[in-house]
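Under UniProt numbering, the first residue of the sequence shown carries the number 1, and numbering increases by one thereafter. Idealized CB from N, CA, C, for every residue including glycine.
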Amino acid sequence: MSVTLRAKVAILGDRAVGKTAFTQMFHSKGKLFPKNYKLTGGMDVVVAPVPIEGTKAVVELYVCDVSGHEMFSDMMPILLENVNMVILVYDQSSRESFDKCASCLEALKAVPSNKGKAIRGVLVGNKYDLLRRRGVSVEEATRWAESRQLVFMETSALPPGKDIAAPFKWCANAFHESYEARLVQLDNAA
């Protein structure tokens, strides 16, 4: 029997860190890279089915590319309702964008529907192609992520893309694992 699960994944981070390019490159399987910067107005949503290897399950990720611009901050509580997973994105050449990830995560957890939830996810150091100007070490990013129960990964949305699908696959697999664990709990309770 096949099963389709649905998970809301928030893509959060400072403005101009490549969230939209990262999301579009994943959704288009590496074919669509925005050549010009375009401000995301509030939130863009794409749906991406991710098959879970070794099962008949598919996790449909509702990927919510949330604007990092301050003018949309009043909308955050509405946009971030009922998030299942998070991908925090920062520009590897920008210390400031890394530091912004903490406030993004706090804003997500402050939304009433997310309070008390263990929201799992990935810290993504994007723009791997700019490593010669690295602003944050791998060790520091890994420690920061692990201290918040996140996983750290590096990507580049610049074509042909580097490991763009990995954070999304991780989220889909983690969501599926949570679903399977919940089924076991329900079976044991019966």
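Could you tell me which residues DSSP pairs with residue i in its beta bridges?
| i | result |
| --- | --- |
| E60 | R6, P49 |
| Y90 | G125 |
| V151 | V122 |
| I164 | According to DSSP, which records beta bridges pairwise, I164 is partnered with nothing at all. |
| S156 | K162 |
| D44 | D65 |
| M85 | V9, R120 |
Have a look at residue i and residue j and give me their C-alpha separation to the nearest angstrom.
| i | j | result |
| --- | --- | --- |
| F26 | V138 | 23 angstroms |
| V151 | E53 | 20 angstroms |
| N188 | L5 | 22 angstroms |
| W144 | S2 | 37 angstroms |
| C64 | E180 | 24 angstroms |
| D74 | V111 | 12 angstroms |
| V50 | K169 | 7 angstroms |
| C101 | L123 | 8 angstroms |
| V107 | L186 | Strictly speaking, residue 107 in this sequence is Ala, with Val absent from that position. Rounded to the nearest angstrom, the two C-alpha atoms are 32 angstroms apart. |
| K162 | V58 | 23 angstroms |
| E96 | G121 | 21 angstroms |
| V136 | A7 | 30 angstroms |
What did DSSP end up calling residue i once you bin it into helix, strand or coil?
| i | result |
| --- | --- |
| R120 | strand |
| D178 | Looking at the sequence shown, residue 178 is not Asp but Ser. S178: helix per DSSP, three-state reduction. |
| L12 | strand |
| V184 | helix |
| S97 | helix |
| L105 | helix |
| L79 | helix |
| K169 | helix |
| K115 | coil |
| K19 | helix |
Please classify residue i: is it buried, with 16 or more other beta-carbons within 10 angstroms of its beta-carbon, or exposed?
| i | result |
| --- | --- |
| N82 | exposed |
| K56 | exposed |
| G116 | exposed |
| V184 | exposed |
| A24 | According to the sequence provided, residue 24 is Gln. The question's Ala does not apply to it. So Q24 counts as buried. |
| S113 | exposed |
| H167 | The sequence shown places Pro at residue 167, not His. Burial call: buried. |
| Q149 | exposed |
| V47 | exposed |
| I78 | exposed |
| K29 | exposed |
| S103 | exposed |
| A118 | exposed |
| S94 | buried |
Is residue i near the ligand FAD, judged by its Cβ being under 7 angstroms from some heavy atom?
| i | result |
| --- | --- |
| G18 | With respect to the ligand FAD, the structure offers nothing, as it holds no ligand at all. |
Contact the region 42 to 49 vs the region 121 to 141: 3+ CB pairs below 8 angstroms: Touching, no, given that fewer than three Cβ pairs across the two stretches are closer than 8 angstroms.
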